[in-house]
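Each residue of the sequence shown is one higher than the last, beginning at 102 in this note's numbering.
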Amino acid sequence: MATTRRAFGALAAGAALAALAPAGTASASPRHRRLIAHDDFRHGLRCWAVELEQGGTVTARHGILEVDVPAGATIWFREPLEGPYVLEYTATPVSEGGVNDRVSDLNNFWNAVDVRSPADLFATRRGGALAEYDYLRTYYSGYGANYNTTTRLRRYVGEPGVRPLI
102 MATTRRAFGA LAAGAALAAL APAGTASASP RHRRLIAHDD FRHGLRCWAV
152 ELEQGGTVTA RHGILEVDVP AGATIWFREP LEGPYVLEYT ATPVSEGGVN
202 DRVSDLNNFW NAVDVRSPAD LFATRRGGAL AEYDYLRTYY SGYGANYNTT
252 TRLRRYVGEP GVRPLI
């Protein structure tokens, strides 16, 4: 059974992926935030590492990150982020009859460390299948799993099969 995500992240340049750090504490109001990282999706995938379960295409151009894949995909922002921060983005799932169109499963990992290569997240190869990420110590949120019936927040602990719900 194919589980497909297509065009997650159809983002306008002004609403591109951004990491905002609050000035002071994590509960600072939005007017006190400062931009610490962003990508406007106009210069290719230089800021991103792509892991695909069964191939497909991931492109960043004209202000849009488009993901058109037949199975799992993970797209990592390469720049490490430290301290308290807020991730902001707009994702637009596409359901227009395309072969990979399926409005389901938008997952996020952050503060990730792979226990097999703790000094370098990208030193251990992964291929986009969700179970491969069990080796991470990370936070995870998932929207729309199980045909849009499940939303989860987890803390992965770096052990296969152990994904405690928060």
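C-beta: ideal position from N, C-alpha, C; glycine also. Remember, it's a predicted structure, so these values are computed and weren't measured experimentally.
Go ahead and label Pro194 buried or exposed: buried means 16 or more other beta carbons lie within 10 angstroms of its beta carbon, across all protein chains shown. Within the sequence shown, numbered from 1, the residue matching residue 194 stands at position 93. That one is buried.
Throw me the rounded Cβ distance for the Tyr236 and Val263 pair, which I believe falls under 8 Å. Here the question's residue 236 lines up with position 135 in the sequence shown. Here the question's residue 263 lines up with position 162 in the sequence shown. So it is not a contact: roughly 10 Å between Cβ atoms.
Whole-angstrom Cβ separation of Arg227 and Tyr240, contact assumed at under 8 Å? Taking the first residue of the sequence shown as position 1, residue 227 is located at position 126. Taking the first residue of the sequence shown as position 1, residue 240 is located at position 139. Not really, about 17 Å apart at Cβ, beyond 8 Å.
I'd like the span of the alpha helix (DSSP H) that includes Ala232, first residue to last. Your numbering for residue 232 matches position 131 in the sequence shown. In the DSSP assignment, Ala232 falls outside any alpha helix (DSSP H) and carries neither an H nor an E.
Do you know whose CA, among Phe223, Arg135, His133, lies nearest Val151's CA? In the sequence shown, counting from the first residue as 1, residue 151 sits at position 50. Cα-wise, what sits closest to Val151 is Phe223.
Which same chain residues end up closer than 6 Å to Gly145 when comparing Cβ atoms and leaving out the 5 residues on each side of it in sequence? Taking the sequence shown and counting its residues from 1, the one referred to as residue 145 is at position 44. Cβ neighbours of Gly145 within its own chain (closer than 6 Å, five residues either side excluded): Ala161.
Suppose you measure from the CA of Asp169 to the CA of Thr158; what does that come to, to the nearest Å? Your numbering for residue 169 matches position 68 in the sequence shown. Your numbering for residue 158 matches position 57 in the sequence shown. When rounded, the separation of the alpha-carbon atoms in Asp169 and Thr158 is 5 Å.
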